[in-house]
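**Q** Residue numbers for the sequence shown follow my numbering, beginning at 371 and rising by one. Just so you know, even glycine gets a beta-carbon here, dropped at the ideal spot from N, CA and C. This structure is in structure tokens; I'll ask about it shortly.
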Amino acid sequence: MSGSALNDAEKLPIKMLSDRLLVRIPEKEGERRSTGGILIPATAQLSKRLTWAEVVAIGQNVRAAEVGDRVLFSPEDRYEVEVGGVDYIMLRERDIHAVAASRIEASTGLYI
Numbered sequence: 371m372s373g374s375a376l377n378d379a380e381k382l383p384i385k386m387l388s389d390r391l392l393v394r395i396p397e398k399e400g401e402r403r404s405t406g407g408i409l410i411p412a413t414a415q416l417s418k419r420l421t422w423a424e425v426v427a428i429g430q431n432v433r434a435a436e437v438g439d440r441v442l443f444s445p446e447d448r449y450e451v452e453v454g455g456v457d458y459i460m461l462r463e464r465d466i467h468a469v470a471a472s473r474i475e476a477s478t479g480l481y482i
């Protein structure tokens, strides 16, 4: 493959399929520090801790979330992918536990 063809291939549009969501963990929430000052990555397993992420793309069969929503998921249920130098996480809709969005009317009374 020539250099020009390779650059064109890297810029192909991506379409999410079926019930898949592509999410990104916000930078400010991505890493945290332990009380001893040790840096803990957002995807590190910490006693089954669930993680919030922002939806950046969805497949045509996703019904519960929209692009821009925040979803709660278990880091154990993820596949990581790099697109254009940015790390994303691929999830199935059934792997999300909650959706946070301003458009949601019925809620638990909790807010993030």
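T456 to V426, Cα distance in whole Å?
**A** Here residue 456 corresponds to residue number 86 of the sequence shown, with the count starting at 1. Here residue 426 corresponds to residue number 56 of the sequence shown, with the count starting at 1. According to the sequence as given, residue 456 is Val; it is not Thr. Their backbone Cα atoms lie some 12 Å apart in a straight line.
**Q** Helix, strand or coil for E436 per DSSP?
**A** Taking the first residue of the sequence shown as position 1, residue 436 is located at position 66. The answer is coil: DSSP assigns E436 none of H, G, I, E or B.
**Q** V432 to L382, Cα distance in whole Å?
**A** Mapped onto the sequence shown, residue 432 falls at position 62. Mapped onto the sequence shown, residue 382 falls at position 12. Going from the Cα of V432 to the Cα of L382 covers about 22 Å.
**Q** Spatial neighbours of T478 within its chain, please: CB distance less than 7 Å, with the 5 preceding and 5 following residues excluded, ordered by chain position.
**A** Numbered from 1 along the sequence shown, position 108 holds the residue referred to as residue 478. Counting only Cβ-Cβ distances below 7 Å, and skipping sequence neighbours, we find nothing.
**Q** Just how far apart, CA to CA, sit M371 and L420?
**A** Reading the sequence shown from its first residue, position 1 is the one you call residue 371. Reading the sequence shown from its first residue, position 50 is the one you call residue 420. Here M371 scores only 49 on pLDDT, less than 50, and its place in the model should not be relied on; the value that follows carries that caveat. So the two alpha carbons sit approximately 42 Å from each other.
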